[in-house]
Every structure is written in structure tokens, then in C-alpha cells.
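Before any comments, here is the structure.
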Amino acid sequence: MRESALLVGRTLAAVAEYIRPGVSTLALDDIAETFIRDHGAVPGFKGYGDFPNTLCASKNAQVVHGIPNHDELLDGDILSLDCGVLMNGFYGDSAYTFAIGEVSNEIKKLLKVTKECLDLALAQCVVGKRIGDIGYACQSHAEAHGFGVVRELVGHGLGKELHEAPEVPNYGRRGNGARLSEGMVLAVEPMINLGKKEVVQSEDGWTIVTVDGRPSAHFEHDVVVRKGHCEVLSSFAPIEEVLKESTEIS
Ligand code: MG
Ligand code: MG
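Here this note's numbering is used: position 97 in the sequence shown is 102, and no number is missing along the way.
Here you go:
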């Protein structure tokens, strides 16, 4: 599972090299699929419930499950790329939200706070805590900044199936829900809206968008519940290495 999770991060890093204004999400999808297959894995999302592509590419007010298309990315957009792979019988599933060119200060804050929500949620993924502790950590941080926490979509268990029990909501009450046990593998994935929490499904049957049309951010890691700590299987390090290099060049 670690190998699968790490391959997702390396795939998103390979894609990140090409993320800039003028590029289409379909071009990015192509890069991701080739990279995954070149590394002995298969895309985890393509064909899953008839989803047509390797990446879920969700721009601005799109929260998750966006279908890659020919539209060009614009300066000031944000883009959540969610990627899954299946390798050696196990899934990896991780997501990162990218700023395209220069984004507004409020969007920078949304990205920063959403990532902090993920870190705070992960800190709860230890033996003896409960599912509600994870959600509470995420929700309280997001709402302290005035952001909306999406209710309709949640994190999940991960393994031989892409979505396993238990559900891992990004909202909750401390001490509530199932108790976390040693070795549980969870995909934790805050979806945080700049404005209201409400979302709706688009006519394409996939894309989830905010009702108020304001932007939404999404970060996802795969973790193992351990005694006294959370073992993170996926990694943003390769992605952030690429982002750092591209900032240095420009
Ligand atoms: Mg995902
Ligand atoms: Mg997931």
C-alpha cells in the first residue's frame, strides 16, 4: 500500500511539471496515465463507476470529481488533482490543490488552511481515537477561519478496494464514532470551501461544485493508524519539490 500511495505522489509531481496557464487538464491527464502505466500500475479511477479519466481535475468552484477537458488553465485558477492507482492488488489515493500562476491572497489562505486541516486530522489517526475526532479537528480549524466544510463527500478506508469502510467525514464531534484500531488504513481528504459549505452535482453526473460558486480546496493523504502516531503512506514531497523549482525559475 505504501508503494501504491507513493506512486500517486510521484505521478502528481510528474504532472506538476506541466501545470501552468494555457495547459488543459486533459493534457495533464494524459501525462498521469502514461506515468502510472510506465511504473507497472493502472489508473485507479479510470473506469471506476464509469469515470472516464485517470485524474479527477476540479477547478475553482469545482470541489471534486471534475472530468478533465480541453479548457486551458488560467492565471489565478486553482486546480485540485485527485489521483488513484492500483498496484500489486492495492490502491493508493491522494490529492493536491495547485495554484495556477498568481492567485489571490484569500485563495492562498484557503489552500494553507485546508492543508493545515489535513495535518490536524492526521494527528488524530492514532489507536484509541475515534472517527469523530478526525472530523472535529478538521472542521474546527476550517470554521475558525470562516470556511465551509463539505458534508456530502468524505474520506474512507482504503485497501484492495478504492473505497472501504469506515467513512471518514471532515466534520464531527469529539469522542464520537467508531474507534480507530492498529493497522487501519484511511484516506483522509478535507474538502474546504472559501464560502458556504453547500455543494451540488453538475449535469455531467460527476463534478461536484459549490452552490455559491466560490472556490474549494482539497488535499488527501493515505495513512495507517498506529499506537501513538499516524503513519503517512503518501507523500507531497515530490510535488512540492517540483513547485519549489518552478518558483525559483520564475
Ligand atoms: Mg482521492
Ligand atoms: Mg479518496
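Note that CB positions come from ideal geometry on N, CA and C, so glycine has one too.
These numbers were taken from a predicted model, which means no experiment stands behind them.
Within the chosen definition, does the region 194–211 reach the region 231–245 through at least 3 CB pairs nearer than 8 Å? No: the two stretches stay apart, fewer than three of their Cβ pairs being nearer than 8 Å.
Reference T119; option with closest CA among V131, C130, T102 and S109: By one-based count along the sequence shown, residue 119 stands at place 114. Checking every option, the nearest Cα to that of T119 belongs to T102.
Enumerate in chain order the residues of its own chain whose CB-to-CB distance from F40 is below 8 Å, with the five nearest sequence positions on each side excluded. Numbered from 1 along the sequence shown, position 35 holds the residue referred to as residue 40. Answer for F40: R15, T16, A19 and V20, listed in chain order.
For H168, I'd like the list of residues in its chain whose CB is within less than 7 Å of its CB, leaving aside the five on either flank, ordered along the chain. Position 163 of the sequence shown, counted from the start, is the residue given in the question as residue 168. Excluding residues within five positions, the ones whose Cβ falls inside 7 Å are H161.
Do you know offhand how far D209's Cα is from R219's? Here the question's residue 209 lines up with position 204 in the sequence shown. Here the question's residue 219 lines up with position 214 in the sequence shown. The straight-line gap from Cα to Cα measures roughly 19 Å.
Given 7 Å as the limit, tell me if A126 has its C-beta closer than that to any heavy atom belonging to ligand 1. Translated into the one-based positions of the sequence shown, residue 126 becomes position 121. Answer for A126: no, Cβ out of range of ligand 1.
DSSP state of F241 mapped onto helix, strand, coil: Translated into positions along the sequence shown, residue 241 becomes position 236. Of the three classes helix, strand and coil, the one that applies to F241 here is coil, per DSSP.
Quick check: does the Cβ of G89 come within less than 7 Å of any heavy atom belonging to ligand 1? Here the question's residue 89 lines up with position 84 in the sequence shown. For ligand 1, at least one heavy atom lies less than 7 Å from the Cβ of G89.
Coil, strand or helix - Y101 by DSSP: Counted from its first residue, the sequence shown places residue 101 at position 96. Here Y101 sits in strand by DSSP.
Name the one or two DSSP bridge partners that I197 has. Position 192 of the sequence shown, counted from the start, is the residue given in the question as residue 197. Its beta-bridge partners are V154 and A222.
Can you name the start and end residues of the alpha helix (DSSP H) that D124 belongs to? For the purposes of this step, residue 124 is taken as residue 119 along the sequence shown, with counting starting at 1. Run containing D124: N110 to L127, per the alpha helix (DSSP H) assignment.
Other residues of its chain near F56: CB distance less than 7 Å, five sequence neighbours each side excluded: Here the question's residue 56 lines up with position 51 in the sequence shown. Hits under 7 Å: F50 and W211.
Identify the residues that DSSP records as bridge partners of E208: which are they? Here residue 208 is taken as the residue at index 203 of the sequence shown, counted from 1. Per DSSP, none; premise fails for E208.
Return yes when the C-beta of A192 is under 7 Å from any heavy atom of ligand 2, and no when it is not. For the purposes of this step, residue 192 is identified with residue 187 of the sequence shown, where counting begins at 1. For ligand 2, at least one heavy atom lies less than 7 Å from the Cβ of A192.
What's the gap between the Cα of D43 and the Cα of M92? Residue mapping note: residue 43 aligns to position 38 of the sequence shown, counting from 1. Residue mapping note: residue 92 aligns to position 87 of the sequence shown, counting from 1. When rounded, the distance between both Cα atoms is 12 Å.
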